[in-house]
Structures are given as structure tokens and as C-alpha cells.
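Okay, so here's the structure we're looking at.
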Amino acid sequence: MARPLELHDDRLFPADAAVRGIARELYGAVAAMPVISPHGHTDPTWFSLNEPFGNATELLLAPDHYLYRMLYSQGIGLERLGVPSRAGLSAADPREAWRIFAANQHLFRGTPSALWLAYVFSKVFGFEVALEPETADLYFDTINEKLASDAFRPRALFDRFNIELLATTEGPHETLRHHHAIRESGWKGRVVTAYRPDAVIDAEHESFGEALETFAGLTGQDVHDWAGYLEAHRIRRAAFIDAGATSTDHGHPSAATADLAPAEAEALFDAIISGGVTPERAELFRAQMLTEMARMSLDDGLVMQIHPGSFRNHNRLLFDAYGRDKGADIPRPTEYVRALKPLLDAHGNDPRLSIILFTLDETAYSRELAPLAGHYPCLKLGPSWWFHDSPEGMRRFREQTTETAGFYNTVGFNDDTRAFLSIPARHDLARRVDCSFLARLVSEHRMSLSEAAETAVDLAYRLPRAAYRLDAPALSPQTLTA
Amino acid sequence: MARPLELHDDRLFPADAAVRGIARELYGAVAAMPVISPHGHTDPTWFSLNEPFGNATELLLAPDHYLYRMLYSQGIGLERLGVPSRAGLSAADPREAWRIFAANQHLFRGTPSALWLAYVFSKVFGFEVALEPETADLYFDTINEKLASDAFRPRALFDRFNIELLATTEGPHETLRHHHAIRESGWKGRVVTAYRPDAVIDAEHESFGEALETFAGLTGQDVHDWAGYLEAHRIRRAAFIDAGATSTDHGHPSAATADLAPAEAEALFDAIISGGVTPERAELFRAQMLTEMARMSLDDGLVMQIHPGSFRNHNRLLFDAYGRDKGADIPRPTEYVRALKPLLDAHGNDPRLSIILFTLDETAYSRELAPLAGHYPCLKLGPSWWFHDSPEGMRRFREQTTETAGFYNTVGFNDDTRAFLSIPARHDLARRVDCSFLARLVSEHRMSLSEAAETAVDLAYRLPRAAYRLDAPALSPQTLTA
Amino acid sequence: MARPLELHDDRLFPADAAVRGIARELYGAVAAMPVISPHGHTDPTWFSLNEPFGNATELLLAPDHYLYRMLYSQGIGLERLGVPSRAGLSAADPREAWRIFAANQHLFRGTPSALWLAYVFSKVFGFEVALEPETADLYFDTINEKLASDAFRPRALFDRFNIELLATTEGPHETLRHHHAIRESGWKGRVVTAYRPDAVIDAEHESFGEALETFAGLTGQDVHDWAGYLEAHRIRRAAFIDAGATSTDHGHPSAATADLAPAEAEALFDAIISGGVTPERAELFRAQMLTEMARMSLDDGLVMQIHPGSFRNHNRLLFDAYGRDKGADIPRPTEYVRALKPLLDAHGNDPRLSIILFTLDETAYSRELAPLAGHYPCLKLGPSWWFHDSPEGMRRFREQTTETAGFYNTVGFNDDTRAFLSIPARHDLARRVDCSFLARLVSEHRMSLSEAAETAVDLAYRLPRAAYRLDAPALSPQTLTA
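Protein chains in written order, with the working numbering: chain A, 5 to 486; chain B, 5 to 486; chain C, 5 to 486.
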């Protein structure tokens with residue numbers, strides 16, 4: 005007999021009855037609030053074309069590196085899981101891949117993936133039994149059948165998920181035609197883009213040269229000239245703003261910034277563009293470009309997001325065979341205090357600038373990030389990120405940042421996901437964990453219940469709207485909690 | 005209608021009823037014990053002159069960088085908050101500054117500042133409604149009125165706060181006349197000094213040259229000569245001991261120590277004093293001076309305190325306009341194991357030496373500091389410091405140090421504050437958090453209730469007295485818990 | 005009247021009644037399971053000779069650096085505690101040493117030593133009163149009397165402790181005659197060895213030259229020749245496998261690995277062996293040898309254990325007087341992501357390779373180790389180690405690794421001890437803490453009770469058997485939880 009699928013109403017709340025009661029009350033007021041998703045990696049073509057998703061494996065397993073990296077860590081090859089490689093699509097039978105996934109659910113015990121999957125299986129697809137070998141085919145067939153129905157097309161799910169805003173991420177070398185198509189379609193869903201220029205800023209990126217060419221083509225600029233290169237950024241930023249963007253996003257190996265004299269910056273650019281890329285020059289150029297991006301933000305108002313600290317594509321053989329983003333990106337120690345100083349010295353006190361910082365190195369929370377965000381007007385802390393987008397990770401984030409930075413130098417939740425169906429699961433999890441943290445403060449008489457209730461709403465809804473400037477004019481702190 | 009001001013009797017105790025009951029019992033036995041404040045930054049003139057404090061803004065907001073850095077982080081300029089700048093006193097209306105503070109109390113939710121303020125407002129001033137825009141003027145007027153009364157003069161508050169000993173911090177280039185005046189006044193309050201020689205040791209300190217001149221004047225030594233410079237330290241240390249000092253305090257960027265051969269040390273000093281200051285020489289000189297200070301402590305018995313790891317004055321524009329200590333000091337990663345080895349190799353096993361270590365880098369607690377303090381006879385751990393002087397910070401300190409260093413290689417609480425009115429609030433908070441930690445150990449049967457009761461008293465009272473050698477002769481571990 | 009000795013049935017379980025009930029239920033099913041001890045430092049002569057242990061001080065205090073380092077940290081000289089020095093055996097009266105230990109039990113409050121001792125005193129020796137000055141002699145006499153009885157000989161205790169397998173650690177330069185003697189004795193206890201080649205790999209080890217000579221003698225190889233040196237390793241590994249070894253163990257200062265071209269590796273070896281040892285060469289050689297060891301593991305199947313990050317013999321004077329392993333080894337920051345890349349690039353995807361990683365730097369748990377183990381098929385995480393083999397340390401390990409690596413990339417518990425009598429205490433503690441963590445997940449509806457029950461058994465028994473390849477063939481993940 006199949007095990008029941010559990011999705012308890014009190015999941016993620018603290019065990020103590022009194023604290024749980026408070027958490028439940030706080031959560032009750034935010035559970036149904038609209039989802040604000042200002043940072044993520046969903047595919048805009050889903051919403052422009054609104055075609056049905058494929059099968060269970062293709063939608064849920066093969067694109068989700070959280071899932072297949074765990075299977076891979078136990079010796080299960082990616083070729084068995086339907087993951088496409090550089091050689092092309094996987095030859096694996098989707099049903100067989102799904103069965104392997106079903107047989108290894110124990111690997112996900114205690115992980116956020118297990119919680120997200122339970123939500124998706126229960127709330128989105130309506131299963132009442134758990135996924136295990138005996139139910140693998142039931143799951144596979146049921147999911148596929150539902151996906152073929154109109155109610156499971158992307159726009160229908162978007163509406164059902166109560167998403168108020170969803171941001172995707174595009175590069176300046178990419179067209180925004182799917183965003184335009186969405187706008188022109190008359191559909192009311194608010195899907196916007198975000199400006200992620202890594203491919204044209206990171207000279208060590210494998211697509212750097214190719215991306216630059218497209219960047220030139222799209223802007224009509226000579227991007228091999230420093231002034232033309234900067235102008236091309238300005239042009240594309242304006243185009244992104246026109247497609248709804250309110251933010252930029254920068255995924256660098258470190259948080260290094262630089263503020264070179266103009267002639268030095270130009271000489272550095274010239275050296276790189278003429279083929280003289282060294283690791284040191286590439287790092288300095290990325291650093292300089294963060295400051296250049298900040299300067300452009302002073303003019304056009306785009307909020308900056310800095311996501312540093314991942315050693316990308318750590319597994320050489322896997323990268324050679326499968327390419328980027330295959331679950332082999334590993335965090336490294338990340339320093340912020342010296343790294344950000346050049347940018348902060350230049351523009352750190354300018355009220356027009358807003359920078360949201362993320363980290364994969366939790367040691368920076370209490371030591372560096374909360375003290376920085378608790379002082380500089382331009383800095384805010386993004387939520388716990390990637391590996392730390394999890395109940396324990398979120399709890400550590402709040403425990404280690406709140407006492408120094410407060411709640412109001414944070415920006416609410418980002419789902420940061422390409423797994424569209426998991427979006428409501430992730431926001432629900434974040435709201436539950438935040439309400440649990442607040443409930444502990446209330447139960448320990450460190451905050452009143454009314455303050456906690458106001459803060460819960462701010463974290464779920466008002467702070468992301470304000471931090472990502474989704475309204476004009478930006479909310480002031482006072483109006484925030486009014 | 006104004007919200008009530010909450011200061012619950014069970015605040016900060018764990019929510020679980022059984023654990024809370026134990027915490028309450030442990031706390032009950034230490035709540036009324038005298039305050040030992042062996043490390044802090046109050047102004048001795050308060051106690052020598054005993055003049056009334058000024059208004060609410062001047063006393064509570066403008067000097068407290070915990071408060072105004074948080075307001076500043078949300079874009080509220082220091083000039084609006086009454087904070088004096090290099091240009092002189094602030095032109096802000098104190099009442100207007102107070103109103104801004106009142107309107108932004110939500111920023112402090114979840115921070116220790118909120119807890120300290122609630123204590124001060126409730127216990128010291130007797131408010132029963134919370135500070136918010138509607139009560140800003142009530143607060144401002146009531147506080148000012150009370151401050152004008154005799155019961156709120158410094159000495160009266162000192163007595164009311166049940167302070168058994170209060171240490172201030174002075175430099176060797178500063179006179180101790182206010183300490184002498186206190187002694188000569190006949191008032192019985194025990195206010196002592198501590199020897200903080202950073203300004204005459206740190207060649208990168210902006211007042212280094214000036215401080216050296218005064219140092220020479222006060223000691224009659226040629227402080228530009230290595231032997232004279234060291235002799236001047238000995239002379240001032242003796243004067244500080246005469247003014248009640250039992251400790252020195254060293255706030256360095258890193259924990260580096262050195263033990264150069266005498267000729268090398270002298271050559272380094274000569275290079276620095278003749279204008280050859282480089283970052284490397286300044287660092288090495290600070291390192292060498294920690295070992296020199298340790299050697300002097302072998303003779304005169306002063307306990308050393310080492311407070312490393314802060315990047316001072318990180319915000320360049322703010323430093324230029326407002327000067328030091330304006331909430332822009334940011335912690336950095338801090339290494340202890342290699343850094344302290346030269347000093348420890350020289351004197352680490354000498355029973356006459358006692359060094360209290362602090363950190364802003366919590367990663368060192370379990371990795372470096374607890375193993376060091378759990379082995380070396382000369383090392384003890386100071387309490388969680390600065391940004392970590394908070395409920396979560398204190399909890400992490402105990403959770404991450406106790407299993408390796410025990411309780412008896414720690415020294416009880418330091419308030420480390422210049423906010424005099426917050427002293428009882430801070431000690432009360434520390435006692436509550438320590439009792440909560442002990443209560444958890446008792447409830448999990450990891451310690452008996454009688455052991456926890458003894459330990460609670462040791463943490464609140466006996467350990468600081470012993471660690472700071474406030475009695476002669478020093479207490480041995482056995483007598484400690486007798 | 006003496007205080008009772010407490011060893012509560014619910015010790016270490018969370019205080020909340022509901023969570024405690026779940027923890028108790030989970031623990032009930034694993035409490036009596038056999039002990040698997042695949043990594044430790046007990047003395048094989050105990051089991052080959054089966055002679056009675058000496059007195060209480062000699063057995064419990066003098067060899068246990070957890071205990072005497074804490075006493076030393078409070079100024080109690082090792083010479084008073086019966087600890088042997090380079091000059092020979094201690095002249096201290098064992099009874100006097102025991103009395104000092106008894107008088108300082110408060111130092112261990114809140115430490116795992118206190119919990120292990122309580123278990124040993126209560127369960128192994130049957131005491132009902134606590135150790136304190138008044139009971140010091142009672143303890144000393146009772147323990148000595150019991151140790152003289154047959155029931156307290158090593159083999160009898162081994163059986164009583166329900167140990168299914170116990171691994172000791174030997175170097176390739178040591179004979180395995182005690183292991184052979186155990187086998188030949190007909191006694192059924194499974195005591196195996198593990199291959200710890202540090203002394204012949206670490207050119208900075210004080211016994212390097214001497215160990216190499218014995219290594220040559222035992223293998224008949226020219227170990228001063230690169231090929232002969234590697235062949236000698238293969239010969240000794242085979243001999244260790246014959247004596248039951250299933251693993252190697254590598255205690256290096258860092259986690260550095262290297263994969264030099266063969267000619268480079270040989271040149272490096274030649275430089276070292278001909279007396280050209282520098283810190284850089286020694287580090288590179290240790291790094292290269294980890295990869296060489298991995299290559300040999302591909303052939304002979306030994307599981308690798310890497311234990312990096314300790315600064316050995318930090319206290320110079322103590323090392324000079326007392327030698328190695330005297331409680332003065334201090335952890336340092338330890339990096340894994342770049343360090344392991346050369347080895348992983350070479351063999352990280354080979355299903356024949358299994359590497360168990362340990363750390364003394366808890367910051368690596370969530371940042372580096374869990375992401376690495378949650379991806380690479382060859383990597384698993386060893387339990388929280390040394391200073392972190394404690395309730396809070398184990399809790400942090402689970403909280404910081406599970407969400408990314410799951411439970412099934414960890415290997416269960418290692419006691420890692422030379423304190424034989426503490427083995428059941430340590431495993432009992434680990435099982436209680438793991439069950440408490442699982443109970444929290446169940447109570448927060450993050451895992452079902454049946455999943456938790458299965459996982460508890462896996463952590464206590466199945467995972468160590470599988471990870472250390474104690475059965476042939478190795479268990480697959482599916483059979484693991486079948």
C-alpha cells in the first residue's frame with residue numbers, strides 16, 4: 005500500500021505549541037498574498053507561446069540541477085536522467101528516468117527539494133500518495149495527462165499561482181522579443197526582464213566573444229571601443245527598462261569592485277578586447293564594470309543585484325560533456341568589506357543607488373553583510389541564496405542578520421528558480437519560515453505580536469515591491485509600514 | 005491610542021514552559037546581583053562633575069552609533085539626528101531629531117537596541133506607552149524633565165543601577181584627573197580606568213604624532229627613543245594602576261603578534277618614528293607591541309584585552325565629514341592561530357599572564373578561540389562583542405565555545421558601552437540569555453540544576469571579578485565555585 | 005552528602021514534550037544496535053594481550069587530552085596529572101592526580117567530556133554518586149578494583165560494549181603483529197587496522213626519516229626511489245587489507261591535492277628524499293600523494309579518509325617537554341574547493357573511488373563540503389570531528405549539511421577515540437543527537453515518522469557499514485534502505 009503524501013497545514017512551524025500558534029496566526033495573514041518574484045530564471049517563451057509543458061521528466065527532473073546533482077552524487081549518471089548534453093538531447097526513456105527518480109526519493113529527505121516536490125505533487129497535481137517505486141508510473145501518467153490540459157498551460161498556472169510579477173533574466177546580447185510578444189498578446193500577466201550582462205562583462209566566460217558580436221549588432225555600437233561599449237550598455241539598459249526591467253544582476257566569482265581613472269579603465273578594456281585576457285585583468289575588469297553599472301544606475305534607476313562567490317563548472321569532465329549549470333557550481337569564501345570599498349567610496353552615500361547583496365558564504369552574514377547593510381544607505385541584503393534557500397538556511401539568515409541590519413535592510417524573498425511549478429512552493433516555504441522566526445521573537449517577548457504581524461506582511465509583500473522599485477515613486481520606510 | 009510599552013518578566017527566556025521555568029529560577033538568583041562593568045567607554049567627567057545630563061536626543065540618540073547607523077542605512081542623514089560633525093555641533097533641533105527617531109522605531113525590530121531602549125524607557129524613565137510618532141513629544145519632554153532632577157544625575161543613577169565597579173577607557177596620552185577627582189570627592193562609587201594605548205602604538209592612527217607628544221609630556225621621557233618609549237609606557241601603566249586600572253585594552257586591525265630580537269624591534273621603532281611608516285611596518289609594530297605589553301604585564305599584573313578585526317572608518321565621505329566612530333566600522337575575517345603564536349611561544353605558559361580575547365568574526369569561536377582558550381593557561385575568552393552583544397550573538401557564543409573551552413575559560417559579561425543608561429539593560433539581557441542557555445542544558449539533562457545555579461552566579465559575578473583581578477589575590481578555580 | 009550521579013534516560017533529547025517523545029521513539033529502535041567503529045585510535049595490544057588495564061588515572065585521565073588540556077588551561081601542570089613526558093613516566097602519585105581531577109569537575113560543565121564521563125562512571129562502573137572531592141578516593145579505589153577483575157579486561161569489555169567492528173590506526177612503518185595475534189588467538193572480536201601513512205608521506209613529520217627506514221625494511225623496497233616508494237605503499241596496503249583494513253586515513257595540515265606529471269612527481273620526490281625539504285615542497289608532496297593514494301584505491305578498493313586542518317603542536321614549550329598529541333593542536337581555516345580539484349579532475353567521477361572528508365572548520369559545512377558531497381559521486385562527509393564531536397557540534401553538522409547533501413552522502417558516526425571505555429558513551433550520544441535532529445524534522449512535518457525511523461537506523465548502522473565497505477559487495481543506495 006502506498007504511503008500517503010504528507011503536506012501538513014503546520015509544516016515548518018516550530019514544534020512548541022505556543023510558538024506554533026503564533027506562527028500560524030502570522031502566516032494566516034500572508035498565506036494568500038500575491039507572489040512577487042523579482043529575481044528568477046524562468047523561460048519567457050513559456051508565457052509568450054503558452055504551449056503545454058512536456059512530460060514529467062522533461063518538466064520536473066531533467067532541468068532541475070537540485071534534483072539530478074543529488075542523484076549524480078550517488079553514482080547515477082546524468083545520461084539516465086534525461087539531462088541533455090553537449091551532444092544533444094538525452095536518449096533516456098523519460099519513464100525510465102522518472103522511475104529512477106522515484107526509487108531514490110530517500111536521498112532528498114531533509115532537503116528543501118523534498119518539501120518543494122511535496123507541495124507541487126500535492127497542491128499543483130493533487131496527488132494523495134507519495135512518490136515511490138510503486139507509484140512512479142501513476143505519477144508519470146497523471147502528470148503528463150494534466151500537463152496536456154489547458155489548465156496546466158503556463159499562463160493558466162501563472163494566474164492560478166497568484167503571481168503579481170515575475171522577472172526573468174536576459175543578457176544584453178539577447179533579444180527581448182518574447183517579452184514584447186507577451187506585452188503585445190494582451191495577456192495581463194506581468195512578466196518583466198532583468199539585465200544580466202555577465203556574458204559581455206566576463207572575459208573568461210566561454211561565450212564572451214560571441215556575445216560581444218551580438219551586443220554590437222543589437223546596439224549599432226562599436227563595442228570594441230570603450231566609449232562605444234559603455235554606450236551599448238546604456239542602449240540595452242534602456243531597452244530592458246522598456247521591457248519592464250527594474251534591476252540588473254551580476255553573477256561574479258568575487259564581490260570585487262574597482263574605480264579606476266578613466267584612462268586606466270579604457271586601457272584595461274583595450275588590453276582585454278585585443279586578446280590580452282589574463283585572470284587578473286578579467287577580475288579587474290569585472291570589478292570596474294560593477295562601478296560602471298552603478299554609475300548607469302544613478303541615471304536610469306535600475307537596482308543592482310550582486311551574486312558573488314560561486315566556483316562555476318567545478319567538475320571538468322562533466323562540464324566538457326554536459327556544459328554549464330549542471331549542479332557542479334561550488335561556493336567559495338567570499339569577502340565583501342575590502343571588495344566593495346572602491347564602489348562604495350565612489351557612490352555609497354548616493355540616495356539614488358540601490359544594491360542588493362547576496363552570498364553563498366554564510367560566514368559573511370553577521371561579520372560583513374549585516375554591518376555593511378546596517379550602515380550604507382545604498383546596500384540591502386538579498387535573501388538566503390541557492391544552497392541556502394532552505395528552512396535552516398533562511399533561519400540562519402534571519403538569526404545572523406536581523407540583530408545588526410534589522411528586517412528593513414532586507415528585501416523579502418527571491419525564488420531564483422527555473423522550476424516554474426515550484427514557485428508557489430518556494431514562496432510558501434519562505435513565508436512559513438519567516439513567520440516562524442517572528443513567532444519565536446514574539447514568544448520570547450522580543451517583539452510584540454502587532455509588530456510581528458506588520459513585519460510578516462512587509463517581508464512577504466511590501467519589501468520586495470519597494471526594494472525592486474516596482475512602484476513609482478519608491479516607497480519610503482515610513483509609508484512602507486503605514 | 006498609544007501601544008503599550010512591553011517589558012515582560014519572561015522576556016528572552018525560551019518559549020518552552022519547562023525550560024522557561026528553569027531559566028526563570030536561575031535568573032531569579034542573579035537578577036539583583038551587583039553589576040561588574042570591567043570594560044566600557046563611559047565618560048569619567050560624568051562622575052567627577054556629577055552634572056545633569058542634557059536632553060533626550062543629546063543623551064540617548066546623538067552619541068549612540070548603534071541607533072544612528074540604522075537610521076542612516078535608510079537614508080536619514082546624520083545632520084538631521086543631532087550627531088556632531090568635524091564642523092562642530094549639529095544644527096538639528098533636538099526635538100525634531102527625536103521625532104525622526106520615534107517615527108522609525110520599526111527599523112530596530114529584532115535588534116538588541118530595541119530591547120535596551122525598552123528597558124531604559126520602562127525601568128529608568130517609567131514609560132508605559134511605546135515610543136512612536138504620537139508619543140514622541142511626551143517622551144522628549146518627560147525625559148528632559150527627569151534628567152534635570154537630582155535623581156537622574158550620574159552618581160545617583162550609578163547607585164540606582166547597583167554598579168559595583170565601572171571601568172572607563174583612557175589612553176596613555178590622556179590625563180586621569182577626572183579619576184583623581186572622583187577619588188578625592190569622597191563619593192564611594194568605584195570608577196576605574198583601563199590602559200588603552202592604541203593612539204601611541206598604532207602609527208596609522210590619525211592622532212599618532214600628537215598623542216606621542218602628550219605621552220612624552222606626561223612622562224618626561226624621550227618617547228622618540230625605543231628605551232624611552234617603553235619606559236614611558238611603564239610610567240603610565242603605573243599611573244593607571246594607581247587610578248584603579250587592572251587591565252589594558254588593545255583594539256588592533258588584526259590579532260598579529262611578533263617577538264622580534266631587541267635590535268630588530270628598536271630598528272623597526274626607529275624607522276617608524278623617523279617617518280618611515282608603511283602599512284607593513286605599522287602592522288609589525290602593533291604586533292611587536294602586544295608582546296611588549298605582555299612582558300610589562302608579567303611585572304605589573306595588568307590583564308590584557310585584545311579586540312581585533314574591525315575595519316575602522318570604512319565610509320570615506322562620512323569619515324571626512326564626521327570623523328571616527330560613526331557606525332561605519334565593519335568587521336573582517338580574523339585569524340588567531342598563527343597570529344598569536346609569537347606571543348604565546350614567548351610567554352603563553354607563564355601563570356602571571358592573562359589575556360582576554362575578543363572577536364568580531366564568529367567563525368573563530370569554535371575553530372580557533374575555544375581550542376586556544378581550552379589549552380593555554382594565559383588565554384580567556386571575552387564575551388560576544390559589539391555587533392554580537394545581542395541575544396542571538398550571545399547564544400552562538402555559548403553554543404560554539406562551551407563544549408571546547410567550558411564556562412570557566414570565559415570572563416562573564418562586558419557591556420562595552422558609552423551609553424550609560426543602557427548598562428543595567430545590557431547586563432540584564434546577558435544574564436537572561438546565559439540563564440536561558442543553562443536552562444536548556446539542564447532540561448536536556450546535560451547539567452544538573454545545582455551546577456547550573458552555581459554557574460549562573462559565576463557568569464554574572466564571580467568570573468568577571470576573577471578575570472579582571474578585581475580582588476587580590478586572584479581567585480583560584482576552586483575558590484571560584486566554593 | 006555526595007551529589008547523585010545523573011544519567012537521565014531522556015538526556016540530550018529536546019525539551020519540548022512532543023519532540024522528545026518522537027526522539028525517544030526513534031532512539032528506542034537504535035539504542036541497542038551493535039557499535040560500528042570504523043575509525044579510531046585504540047591500542048591493538050589491548051585485544052591481543054587482553055591484560056587488565058592499570059589504575060583510574062592511567063586509564064582515564066593521563067592518556068585523554070580532552071581532559072588534561074582543560075585542566076592545563078586553568079594552570080594545572082601536566083606533571084601533576086600523570087601525563088608522561090619526553091623524560092619518561094610521570095612521577096605524580098596517581099591518587100593525587102585523580103583528586104585534582106575530581107576537584108575540577110566544574111571545568112567540564114557543558115562539555116562532551118562531562119557527558120562521556122557520566123556514562124562511563126554510571127554504566128561501565130556502576131557509580132551512583134558524582135565525582136567530586138568527597139568521592140575522589142571512592143572512585144579511585146572502586147575503579148582500580150574493577151579493572152583488576154576479568155569482567156573489565158579488554159575483550160570482555162569489547163563484548164559487553166556490543167562492538168561489531170573496531171578499527172585501529174597504524175602506519176605503514178609499523179608491524180601488524182598484534183592484529184595477526186588477535187586473529188590467531190581464536191577470539192571472535194573483529195578488530196581491524198587502517199592505513200595511516202602520514203609518517204612516510206609528511207616530510208615535515210619529526211619521524212619521517214626513521215619511518216622511511218622501517219618502511220623499507222618491511223617491504224624490501226628501495227623507498228628512496230620513486231617507483232620503489234610507491235611499490236612499498238602497494239605492498240603495505242595489501243598487508244593492511246590482509247589485516248582487515250578497508251580504509252586509509254590522511255591527517256594533513258590542509259586538504260591540498262595535486263596531480264603532477266609523472267616526471268614532475270618523481271623530481272619532487274627526489275628533491276625531498278635527498279634532503280631538500282622546504283615547506284612548499286612538503287605541502288606539494290603531501291598533495292601529490294593524496295592523488296597517488298586515490299589511484300591505488302582504484303585498484304585495491306580502500307576507502308580514503310582525509311582529515312585536514314589542524315595546526316599540530318602549537319605550544320612550543322609543551323611540545324619540547326611532552327611531545328605530540330598533548331591537547332595543543334589547534335584548527336585553522338581550511339579550504340576544499342580549490343584544494344581538492346586536482347584529485348577530483350583526475351578521478352572524481354570514477355565509481356570505484358570513495359573519499360570521506362572531515363573538517364575542523366565548520367564554516368566549510370554549508371559552503372563547500374555539502375555542495376561537493378552533494379555532487380561528486382566519490383565524496384562523502386565524515387561526521388563532525390574532534391572538537392565538534394559534541395551535541396552542539398553534531399547538531400550544527402546536520403543542520404548545515406543535510407539540506408544540500410542529504411543524509412545519504414554522510415557515513416554515520418566515528419568515535420575517533422583512544423579512550424576505549426568511552427566508545428559506547430560516544431556512540432550513544434551520537435545516536436541521541438541524530439534522533440533528536442530527526443525528531444525535529446518530523447515534528448515540523450518536514451519528514452514522516454517512518455522515513456525518520458528508517459534514517460535513524462541507516463545513520464547508526466547501515467551507512468557506516470556501506471561507507472567503509474565492511475560488506476562485499478558494497479550496498480547500493482536502494483538496498484541501503486530496503
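C-beta: ideal position from N, C-alpha, C; glycine also.
In summary, the residues of the segment 358-384 of chain C whose CB is separated from some CB of chain A by less than 8 Å are 367, 370, 371, 372, 374, 375, 376, 377, 378, 379, 380, 381, 383, in the order they occur in the chain. A distance below 7 Å between beta-carbons, with the five flanking residues on each side excluded, links residue 27 of chain B to the following residues of its chain, in chain order: 17, 18, 439, 440, 443. As far as DSSP is concerned, residue 177 of chain A takes part in no beta bridge.
Assignment of beta-bridge partners to residue 254 of chain C by DSSP yields C:310. Counting the other CB atoms within 10 Å of its CB gives residue 95 of chain A a total below 16, which places it among the exposed residues.
DSSP places residue 150 of chain A inside the alpha helix (DSSP H), whose first and last residues are 140-151. Around the CB of residue 337 of chain C, 16 or more other CB atoms lie within 10 Å, so the residue is classed as buried.
By the C-beta density criterion, residue 454 of chain B is exposed, having fewer than 16 other C-beta atoms within 10 angstroms. The alpha-carbon separation between residue 414 of chain B and residue 121 of chain B amounts to approximately 27 Å. The beta carbons of residue 288 of chain B and residue 310 of chain B sit no closer together than 8 Å.
Between residue 409 of chain C and the set A:33, A:58, A:71, A:183, the nearest pair of CA atoms involves A:71.
Closest by C-alpha distance to residue 168 of chain C, out of C:459, C:456, C:382, C:40, is C:40. Under the three-state reduction of DSSP, residue 414 of chain C is assigned to strand. The bridge partners DSSP lists for residue 133 of chain A are A:8. Assignment of beta-bridge partners to residue 107 of chain B by DSSP yields no partner. Closest in C-alpha terms to residue 398 of chain B, from the list B:234, B:246, B:369, B:179, comes B:369.
Residues of chain B with a Cβ closer than 8 Å to the Cβ of residue 444 of chain A are, in chain order, 19.
Runs of the beta strand (DSSP E) spanning 3 or more residues and lying entirely within the segment 323-379 of chain B occur at 359-361, in chain order. Scanning C:282, C:190, C:198, C:237 for the CA closest to the CA of residue 221 of chain C turns up C:237.
At a Cβ-Cβ threshold of 8 Å, residue 87 of chain C and residue 106 of chain C do not count as neighbours. Within the segment 109-122 of chain A, the residues whose Cβ lies closer than 7 Å to any Cβ of chain C are, in chain order, 110, 111, 112, 113, 114, 115, 116, 119.
The three-state reading of DSSP puts residue 213 of chain A in helix, counting H, G and I together. Contact annotation, residue 382 of chain C with residue 352 of chain C: C-beta distance approximately 6 Å; criterion of less than 8 Å satisfied. With respect to the C-alpha of residue 269 of chain C, the residue from C:301, C:229, C:283 having the closest C-alpha is C:229. Segment contact: the segment 320-330 of chain B against the segment 354-367 of chain A, fewer than three CB-CB distances shorter than 8 Å; contact not assigned. In the DSSP annotation of this structure, the continuous segment of the alpha helix (DSSP H) that includes residue 294 of chain B starts and ends at 283-304. Within the segment 73-86 of chain B, contact with chain A at the beta-carbon level (separation under 8 Å) is assigned to 73, 74, 76, 77, 78, 79.
Between the segment 400-408 of chain A and the segment 384-398 of chain B there are three or more inter-stretch CB-CB distances shorter than 8 Å, so the stretches are counted as touching. Shown here, residue 472 of chain C sits in coil according to DSSP, grouped into three states, outside any helix or strand.
Inclusion of residue 173 of chain C and residue 6 of chain C in the CB contact set at 8 Å is not warranted, their separation being larger than that value.
In this structure, DSSP gives residue 394 of chain A a state outside helix and strand, which the three-state scheme calls coil.
The CB of residue 349 of chain B comes closer than 7 Å to the CB of 320 in chain C, given here in chain order. One finds nothing in chain C with a Cβ atom closer than 7 Å to the Cβ of residue 91 of chain A; even the nearest lies about 17 Å away.
In this structure, residue 195 of chain A places its C-beta atom within 8 Å of the C-beta atom of residue 51 of chain A.
With the rule of 3 Cβ pairs closer than 8 Å, the segment 277-285 of chain C does not count as touching the segment 296-315 of chain C. In this structure, DSSP gives residue 440 of chain B a helical state, which the three-state scheme calls helix.
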